[in-house]
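Sequential numbering from 10 applies to the sequence shown in this note's numbering.
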Amino acid sequence: AAKAAGRNTVTAFSDDLRASAQRRLRVTTELSDAIEAGQMVVHYQPLLHLRTRTVTGVEALVRWEHPERGLLPPSEFVPVAEASGLVDELTRWVLATVARDAAAWDAMGLPLTAAVNISATHMGSGTLVSDVTRALTTSGLRPERLVLELTETSVAEDPERAAEQFAELRVSGIEVSIDDFGSGFSCLGQIVSMPAGILKIDKSLVQGIAGSGHKQASQSAAAVETVVSLARACGMRSVAEGVETPEQLATVAALGCTYAQGFVIARPMPAEDLPRWLGSRSRRRAALAG
Ligand code: C2E
Ligand code: MG
Ligand code: MG
Ligand code: MG
């Protein structure tokens with residue numbers, strides 16, 4: 010009986026594997042067509058500079074407008090794109106789109122920085138610097154407007170290579186940021202010695218600050234405070250990610266974070282909504298001041 014049960018488990022397991030492999034294959038084929046067919050979209054989430062309370066930049070977050078499944082978040086297709094080698098093609102499309110949008114905002118008198126998420130595999134492929142340069146040349150966007158985000162985990166995969174490419178990008182004027190800091194178990198010394206200008210504090214730390222039990226709240230605040238002073242000591246700016254409540258916003262501001270990003274400020278929005286959102290925000294602020 011035990012043997013039969015064991016065999017059933019194995020069969021179920023390989024059925025699962027087959028199903029997930031088939032699903033991955035389907036998503037891969039569809040995804041490559043989707044880029045061609047114009048089904049990918051970029052949404053932008055504002056970044057608030059806390060000292061001046063002004064929006065100085067945005068982060069670009071890709072979505073897939075799937076004809077049957079609706080608007081898909083990156084978690085549904087970015088991992089597949091990374092596993093299948095399609096992610097560089099996707100990122101080149103995102104870079105071109107973001108550079109074009111940011112150049113248009115610049116021309117409208119909205120000088121925003123725009124951050125693009127880069128996968129670890131792209132850093133390893135050797136085309137990152139040339140792909141980024143091409144997007145800038147085609148759009149005419151100034152390199153100072155572009156930020157590249159790499160997660161703490163992907164930097165830790167090959168720190169030497171990351172450091173090389175970060176240095177090369179920063180010489181061209183492009184800023185580099187370390188994303189999801191505090192979510193991995195990477196070597197602290199390695200991360201802080203990276204030539205990056207921005208440290209993004211993972212939302213798991215930020216969201217522990219308020220609304221949860223008192224003890225955990227003060228521990229999370231201490232963790233955020235530590236990362237903020239670490240960033241400052243390394244000459245880096247800091248971003249609090251995933252700020253959802255006014256209390257969290259007040260706390261990260263009091264702790265000396267440079268920027269905040271999160272639903273309490275704005276959700277990611279389509280490019281065409283951003284100028285109107287910025288306009289209504291500055292009118293609200295003017296009304297409050299006057
Ligand atoms: P990320 O770079 O850390 O981006 C922040 C994520 O947090 C976004 O999820 C954003 O919508 C979400 N977020 C923002 N504010 C809040 C908040 O207040 N509360 C909560 N709970 N979440 C908030 P999204 O858009 O689903 O993206 C997830 C991840 O997918 C990103 O994490 C990034 O790692 C990846 N990603 C997004 N766009 C791209 C891309 O163009 N290329 C690559 N390679 N990865 C991407
Ligand atoms: Mg990011
Ligand atoms: Mg993040
Ligand atoms: Mg993340």
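Each residue gets a CB set at the ideal place from its N, CA and C atoms; glycine is no exception. The model shown is predicted, which means the values in this text are computed figures rather than measured ones.
Taking only three categories from DSSP, how would you classify residue i?
i	result
residue 54	strand
residue 187	strand
residue 279	strand
residue 142	helix
residue 122	strand
residue 46	coil
residue 165	helix
residue 29	helix
residue 204	coil
residue 235	helix
residue 134	helix
residue 260	helix
residue 229	helix
residue 288	helix
residue 11	Below a pLDDT of 50, predicted positions are generally treated as unreliable, and residue 11, at 47, falls in that range; no measurement from the model is reported.
residue 181	coil
residue 23	helix
residue 175	helix
residue 84	helix
residue 294	helix
residue 128	coil
residue 150	coil
Residue range of the beta strand (DSSP E) that residue i falls in?
i	result
residue 64	63-75
residue 160	155-160
residue 79	79-81
Would residue i pass as a contact of residue j if the rule is Cβ separation under 8 Å?
i	j	result
residue 117	residue 277	no
residue 275	residue 55	yes
residue 72	residue 52	yes
residue 143	residue 115	no
residue 134	residue 167	no
residue 141	residue 99	no
residue 213	residue 192	yes
residue 28	residue 66	no
residue 64	residue 279	no
residue 6	residue 40	Examination of residue 6 is not possible in this model, given that the chain is present from 10 through 299 alone.
residue 273	residue 254	yes
residue 75	residue 31	no
residue 171	residue 132	yes
residue 230	residue 260	yes
residue 234	residue 258	no
residue 200	residue 156	no
residue 112	residue 70	no
residue 240	residue 59	no
residue 198	residue 152	no
Using DSSP's beta-bridge definition, name the partner residues of residue i.
i	result
residue 209	248
residue 269	57, 249
Can you tell me where the alpha helix (DSSP H) holding residue i begins and where it ends?
i	result
residue 198	197-201
residue 219	Premise fails: residue 219 is in no alpha helix (DSSP H) and is neither H nor E.
residue 104	96-116
residue 93	87-93
Would residue i pass as an interface residue toward chain C - the criterion being a Cβ-Cβ separation below 8 Å?
i	result
residue 113	The chain labelled as chain C is not found in the depicted structure, where only one protein chain is given.
Could you check whether the segment 269-277 touches the segment 241-251, counting it as contact only if at least three pairs of C-beta atoms, one from each stretch, sit closer than 8 Å? yes
Three Cβ pairs or more, each shorter than 8 Å: is that satisfied between the segment 200-210 and the segment 231-246? yes
Three Cβ pairs or more, each shorter than 8 Å: is that satisfied between the segment 72-85 and the segment 104-111? no
Kindly confirm or deny that the segment 84-99 and the segment 125-140 touch, where touching means at least three C-beta pairs closer than 8 Å. yes
Below 8 Å, can you find three or more Cβ-Cβ pairs linking the segment 177-193 to the segment 144-164? yes
Evaluate contact between the segment 208-220 and the segment 171-183, counting only Cβ atoms and requiring at least three cross-stretch pairs below 8 Å. no
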